[in-house]
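Just so we're aligned, residue 3 is where the sequence shown starts under my numbering, counting upward by one.
Before any comments, here is the structure.
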Amino acid sequence: MSADYRADLPELKSLRTRAAELSDDPNFGYLADYWSGFASWRLVINGVSAKMAPEEAKAQLARAVVDFETSIRKKTDFADSYVGAAAVHGWLAAYNHADEAAMNKEIEAFKRFLNRGLELDPTNPRALWIEAVPFIVLPPERGGNVDRAIELYQKMIENAGPLRPESPLPDWGKVEALMSLANADLKKPSPDVDAAASNAREALRLRPDWHYVKDILMPQIDSRRKQLEGKE
């Protein structure tokens with residue numbers, strides 16, 4: 003996870019390679035595939051901020067789909083792999099917006115995998131995070147609802163357990179909820195920059211090395227504050 007927060011793309015690729023080497027493990031192969039898919043997914047999330055080319059992003063996402071779906075086949079009741087697959091199909095839907103048929107196919111996959119993940123683990127913070135995506139990214143006329151997204155982010159925090167560094171199971175979610183709340187605070191009809199800054203600072207307190215929050219989100223919050231104060 004450290005490489006993800008630091009936006010260290012070479013290290014994410016290295017971690018993916020090391021995880022893939024454990025894919026055939028009879029006990030932990032499904033987790034190896036999950037973390038391989040996770041690394042590819044996070045390469046895109048971080049790479050977009052670094053101007054990753056769309057074709058490279060789509061290739062990384064396609065690789066993530068394979069890994070998440072392989073994990074699902076190995077352990078059909080592991081909610082997090084369904085959630086990861088849903089997230090990646092959501093990204094692919096966005097990248098295929100110019101091809102309505104392809105986009106709709108990805109949207110249906112997003113819904114199918116997310117619904118199964120929520121069915122298996124309704125309070126999984128990572129599932130709640132992906133459930134919130136359409137509400138935060140779509141305009142109101144297409145189902146966007148910032149207030150609903152905020153409800154889900156708050157529910158993430160309520161259900162996030164303690165981090166377990168000794169466990170190979172995914173336990174992330176709380177700091178992602180705080181970061182997402184900060185973004186949502188800025189998207190309100192009347193932006194709440196104080197709440198956004200508070201949530202972002204709390205995310206950084208828990209994860210001081212988070213490149214996105216420190217170097218991208220916090221400056222955005224400061225810029226928005228200046229705009230609202232009429233200083234820009």
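Backbone N, C-alpha and C fix where the C-beta goes; we use that ideal spot for every residue, glycine too.
Own chain, CB closer than 6 Å to residue i, minus 5 neighbours either side, in chain order
{"i": "residue 198", "result": "184, 187, 188, 223"}
{"i": "residue 182", "result": "155"}
{"i": "residue 21", "result": "34, 37, 38"}
{"i": "residue 127", "result": "158, 161, 162, 175"}
Limits of the unbroken alpha helix (DSSP H) element including residue i
{"i": "residue 195", "result": "195-208"}
{"i": "residue 59", "result": "56-76"}
{"i": "residue 97", "result": "81-97"}
{"i": "residue 109", "result": "102-122"}
{"i": "residue 13", "result": "11-22"}
{"i": "residue 44", "result": "31-51"}
{"i": "residue 1", "result": "Given a span of 3 to 234 for the chain in the structure shown, any question on residue 1 remains unanswerable."}
Distance CB(residue i)-CB(residue j) smaller than 7 Å
{"i": "residue 66", "j": "residue 39", "result": "yes"}
{"i": "residue 245", "j": "residue 215", "result": "What the structure shows of the chain is the stretch from 3 to 234, and residue 245 is not part of that stretch, so it cannot be assessed."}
{"i": "residue 73", "j": "residue 35", "result": "yes"}
{"i": "residue 137", "j": "residue 118", "result": "no"}
{"i": "residue 96", "j": "residue 132", "result": "no"}
{"i": "residue 46", "j": "residue 63", "result": "yes"}
{"i": "residue 44", "j": "residue 10", "result": "no"}
{"i": "residue 129", "j": "residue 85", "result": "yes"}
{"i": "residue 31", "j": "residue 60", "result": "no"}
Spatial neighbours of residue i in its chain, beta-carbon cut-off 7 Å, leaving aside the 5 residues before and after
{"i": "residue 2", "result": "Only positions 3 to 234 of the chain appear in the structure, and residue 2 is not among them; the question remains open."}
8 Å CB neighbourhood of residue i in its chain, flanking five on each side removed
{"i": "residue 58", "result": "49"}
Query raised in the report: Quick one: complete alpha helix (DSSP H) runs, 4+ long, within the region 126-189?
Result: You should have 127-139, 148-161, 176-189.
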